[in-house]
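Residue numbers (this note's numbering), protein chains in the order written: chain A, 1 to 255; chain B, 1 to 72.
The beta-carbon is built from N, C-alpha and C at its ideal position, and this holds for glycine as well.
Since this is a predicted model, take the numbers as computed values, not measurements.
Just below is one structure, and these are the notes that go with it.
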């Protein structure tokens with residue numbers, strides 16, 4: 001396989017494998033992720049300045065930093081301790097210590113280390129697609145629902161499947177998927193699973209989705225859909241990101 | 001890690017409350033090193049360089065295994 005080419009995992013990935021890749025590339029990855037997305041800033045501007053915000057899979061903290069500058073209390077959670085370390089430093093630099101608090105915590109989106117109803121609002125940006133298996137993705141969104149207070153809102157974003165960069169890969173996948181399913185059965189990767197090399201080397205796991213699948217996954221986790229749309233951030237023809245604003249229903253036990 | 005965070009931090013496995021033992025703290029009271037122990041399952045989670053590592057133990061072990069394989 002030539003450097004830089006995407007691939008399909010042979011079988012389903014386990015979470016440890018998927019996370020380890022991020023731990024390895026944390027430093028160089030962080031250097032390329034500095035500019036916050038306008039869509040995230042716009043969402044944060046709709047929230048009260050004294051809100052407590054959880055930034056699930058916070059990466060280097062580029063969005064948490066914006067929230068903290070607005071005055072919010074920010075808790076960034078990332079499964080990569082290297083990234084959590086970078087986020088901690090950046091969050092500390094971003095805010096006035098007396099005005100608000102900021103912390104970075106090592107933790108899994110699928111098992112958030114937070115109490116139920118403990119945060120007002122949330123971000124889950126460009127990370128749901130890194131969780132292998134539909135069940136795992138639904139579990140992560142259930143965890144988000146659990147820690148949000150009733151009526152708490154969160155912005156969820158994922159990379160789009162049918163975008164310029166990967167469309168030809170997925171057209172070929174349409175033909176390959178069924179034979180693979182016959183050969184590997186339940187072990188076969190899901191349609192949408194893809195390995196994307198980081199700087200031509202370390203393979204990162206993604207499960208790229210349609211907007212419909214993204215919405216259905218959120219609904220399956222018991223979240224209300226308040227808004228959902230697709231946008232072109234870097235691509236020319238087809239949208240490369242889906243955004244969903246979700247809300248925790250008023251009448252759930254949060255479990 | 002700020003001590004106020006104890007109000008909302010929980011064990012990732014059973015969501016039990018955690019007990020904080022501080023080994024080292026900064027002048028402003030931020031916890032730099034210590035341990036968080038689940039009061040339900042008694043699993044101990046380390047705080048290193050100011051960051052509590054609350055990854056589920058199984059996942060933590062899997063990640064370490066992967067990183068060792070890659071290094072070795």
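If you draw a straight line from the Cα of residue 62 of chain B to the Cα of residue 125 of chain A, it comes to about 24 Å. Contact between residue 91 of chain A and residue 79 of chain A does not hold, since their C-beta atoms are separated by about 17 Å, which reaches or exceeds 8 Å. Think of a sphere of 8 Å around the beta carbon of residue 1 of chain B: the chain A residues whose beta carbon falls inside it are 103 and 105, in chain order. Its Cα nearest to that of residue 115 of chain A, the residue B:8 stands out among B:8, B:67 and B:56. Within its own chain, the residues whose Cβ lies closer than 6 Å to the Cβ of residue 24 of chain A, once the five positions on either side in sequence are excluded, are 202, listed in chain order. Its chain contains 60 and 86 as the residues whose beta carbon lies nearer than 6 Å to that of residue 30 of chain A, once the 5 sequence neighbours on both sides are disregarded; these appear in chain order.
Residue-level contact by beta carbon fails for residue 42 of chain B and chain A, as no gap is shorter than 8 Å.
For residue 90 of chain A, no beta strand (DSSP E) run applies; the uninterrupted alpha helix (DSSP H) run containing it begins and ends at 81-94, by DSSP. Distance between residue 53 of chain B and residue 162 of chain A, taken at the CA atoms: about 36 Å.
From the beta-carbon of residue 54 of chain B, the residues of chain A found nearer than 7 Å are 105, 106, 107 and 113.
With contacts defined as CB atoms closer than 8 Å, residue 51 of chain A and residue 129 of chain A fail to qualify as a contacting pair.
Remark: C-beta atoms of residue 216 of chain A and residue 228 of chain A do not approach each other more closely than 8 Å.
In the three-state reduction of the DSSP assignment, residue 16 of chain A falls in the helix class, which pools H, G and I. Of A:171, A:191, A:88 and A:117, the smallest CA-CA separation from residue 134 of chain A is found for A:191. Between residue 56 of chain A and residue 155 of chain A, the C-beta spacing is not below 8 Å. If you compare the alpha carbons of A:67, A:22, A:34 and A:21 with that of residue 43 of chain A, the shortest gap goes to A:67.
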